[in-house]
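Numbering (the working numbering), first residue to last: 193 to 616.
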């Protein structure tokens, strides 16, 4: 009975019921679309406040570079370089495999949903040129940015607010505490919204199968499979090469963290293993001050698997509607994704909110298509959470090696002790 009450089971059941109703009674199934629209409206309601809070937290939480010193600077450079590569990997893979092509979703009908309010910034770029776009980035008032749910304007204000909060030091502590409290409340609301995700999934899957046929579900399966493959390759090859430079084998490192990774896979959240991860990194030879700086900052700034997902999902949704993005739009999506993804760690379902914020700069892509990805987001979340935590652990070893603060003898001893059960 406990398993039946789990969100995972309810989403799977909703997916099965949606497919069955779409095949058996397609005319009735398409009438369930308001369920997905309602869920999407709830998501849209949270986009602006959540983006503001997580970006402010990420900037203020990283501390001043004068305080964190050279380690912090190197960590931020590493984070931005790796997450940019991950995002471009997702975009390039989506462009090559075209997993969303052929669904022929009518963008004209779907954009009339609750997310159609997004995209004024991109329109300014098309109509008024670069100067109009830059001017549009600055809201007339902060409140106006939230009223119009203009994500780029919210981002600009959040970046300025976060920088100001960081510079203010102790005088800014009350505001920082308030932001933390509001973020906690928003995540609680997000938890309540995610509980009704099965209804959104039922409406989305039933409408998709009833209107577009069973082939569309196969393409969603292709999307999930492609994402899992990308994350696995990124970890084994990309992160594996970085680990090898530190004198550590990727498979030995995975085995060393096997218990923590199992928890992350089961919960699709990395927060539960934060203390254990930090202690294991100290045990493997990383100095404690490096671990204490890099891991918390990495949880906000180094979300490799989420970056892959954003790049892959944006082009997938564009392909489902036959939308061809220009290089300017791809640049906007890439830049927005690199900012909106900061701070989006550890909370199941928040990836959909971040994706909605990223899509805000490309109004041609129907955001109602987001509900298609909600149907598979739980499965995607497994790879996303594992990829993110692996990226942060590897980043810590790389920064420690870079700074000469990695004890190679302790590293090999810890890895030998982890392999010991295999030799018995």
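For every residue, glycine included, the Cβ atom is placed at its ideal position computed from N, Cα and C.
Contacts around residue i, its chain only, beta-carbon distance under 7 Å, and the 5 residues preceding and following it disregarded
{"i": "residue 474", "result": "480 and 483"}
{"i": "residue 591", "result": "263, 266, 267, 270, 482 and 486"}
{"i": "residue 525", "result": "506, 550, 553 and 554"}
{"i": "residue 211", "result": "397, 401 and 409"}
{"i": "residue 572", "result": "416, 419 and 501"}
{"i": "residue 337", "result": "331, 345, 346 and 349"}
{"i": "residue 287", "result": "507"}
{"i": "residue 225", "result": "395 and 399"}
{"i": "residue 599", "result": "477"}
{"i": "residue 209", "result": "394"}
{"i": "residue 355", "result": "251"}
{"i": "residue 363", "result": "none"}
{"i": "residue 215", "result": "401 and 406"}
{"i": "residue 202", "result": "390"}
Residue i: first and last residue of the uninterrupted alpha helix (DSSP H) it sits in
{"i": "residue 511", "result": "496-512"}
{"i": "residue 339", "result": "334-339"}
{"i": "residue 406", "result": "Looking at the DSSP string, residue 406 is not in any alpha helix (DSSP H), and its letter there is neither H nor E."}
{"i": "residue 383", "result": "365-387"}
{"i": "residue 444", "result": "442-448"}
{"i": "residue 221", "result": "218-221"}
{"i": "residue 435", "result": "432-437"}
Reference residue i; option with closest CA among the options
{"i": "residue 244", "options": "273, 329 and 351", "result": "351"}
{"i": "residue 416", "options": "470, 550 and 504", "result": "504"}
{"i": "residue 413", "options": "564, 346, 355 and 387", "result": "564"}
{"i": "residue 274", "options": "599, 583, 594 and 605", "result": "583"}
{"i": "residue 570", "options": "587, 594 and 544", "result": "544"}
{"i": "residue 519", "options": "283, 579 and 513", "result": "283"}
{"i": "residue 251", "options": "494, 224, 240 and 608", "result": "494"}
{"i": "residue 411", "options": "277, 246 and 292", "result": "292"}
{"i": "residue 546", "options": "240, 220, 514 and 421", "result": "240"}
{"i": "residue 514", "options": "290, 365 and 568", "result": "290"}
{"i": "residue 219", "options": "376, 448 and 405", "result": "405"}
{"i": "residue 383", "options": "285, 227 and 231", "result": "231"}
{"i": "residue 280", "options": "527, 363, 215 and 578", "result": "527"}
{"i": "residue 449", "options": "425, 597, 227 and 579", "result": "579"}
{"i": "residue 586", "options": "566, 491 and 529", "result": "491"}
{"i": "residue 577", "options": "217, 512 and 424", "result": "424"}
{"i": "residue 272", "options": "217, 339 and 489", "result": "489"}
{"i": "residue 605", "options": "581, 523 and 472", "result": "472"}
{"i": "residue 227", "options": "566, 595 and 581", "result": "566"}
{"i": "residue 452", "options": "365, 340 and 581", "result": "581"}
Nearest-angstrom beta carbon gap, residue j and residue i [assumed within contact, 8 Å]
{"i": "residue 222", "j": "residue 516", "result": "Their Cβ separation, rounded to whole angstroms, is 27 Å, which puts residue 222 and residue 516 out of contact at 8 Å."}
{"i": "residue 602", "j": "residue 476", "result": "7 Å"}
{"i": "residue 589", "j": "residue 388", "result": "41 Å between Cβ atoms; not a contact."}
{"i": "residue 393", "j": "residue 238", "result": "At roughly 18 Å, the Cβ-Cβ gap does not stay under 8 Å, so residue 393 and residue 238 are not in contact."}
{"i": "residue 574", "j": "residue 457", "result": "5 Å"}
{"i": "residue 249", "j": "residue 371", "result": "6 Å"}
{"i": "residue 530", "j": "residue 285", "result": "In fact, because the Cβ distance is near 18 Å, the residues do not count as touching under 8 Å."}
Cutoff 8 Å; reference residue i; Cβ partners in own chain excluding five residues on either side
{"i": "residue 442", "result": "427, 428, 431, 432, 435 and 436"}
{"i": "residue 444", "result": "607, 610 and 611"}
{"i": "residue 367", "result": "357 and 360"}
{"i": "residue 321", "result": "Legend: pLDDT at residue 321 = 49, less than 50; position of this residue unreliable, no value from coordinates given."}
{"i": "residue 217", "result": "402"}
{"i": "residue 422", "result": "281, 282, 285, 500 and 504"}
Neighbourhood of residue i by C-beta, 6 Å cutoff - its chain only, sequence neighbours within 5 removed
{"i": "residue 334", "result": "349"}
{"i": "residue 206", "result": "390, 393 and 394"}
{"i": "residue 213", "result": "221 and 398"}
{"i": "residue 301", "result": "Note that residue 301 has pLDDT 48, beneath the 50 cutoff, so the model's placement of it is unreliable and the number below is only indicative. Nothing listed; no residue qualifies."}
{"i": "residue 242", "result": "378 and 545"}
{"i": "residue 521", "result": "554"}
{"i": "residue 318", "result": "Because residue 318 sits at a pLDDT of 45, beneath the cut-off of 50, its placement in the model cannot be relied upon, and the point is left open."}
{"i": "residue 593", "result": "438"}
{"i": "residue 278", "result": "496, 499 and 500"}
{"i": "residue 447", "result": "610"}
Neighbour flag for residue i against chain C, beta carbons, 9 Å
{"i": "residue 573", "result": "In the displayed structure, chain C is absent; only one protein chain is listed."}
Item to check | Continuous alpha helix (DSSP H) assignments of at least 4 residues falling wholly in the stretch 460-489 | outcome: 466-475
Next on the checklist: At 4 residues or longer, what runs of the alpha helix (DSSP H) sit wholly inside the stretch 540-592?
Outcome noted: 542-551
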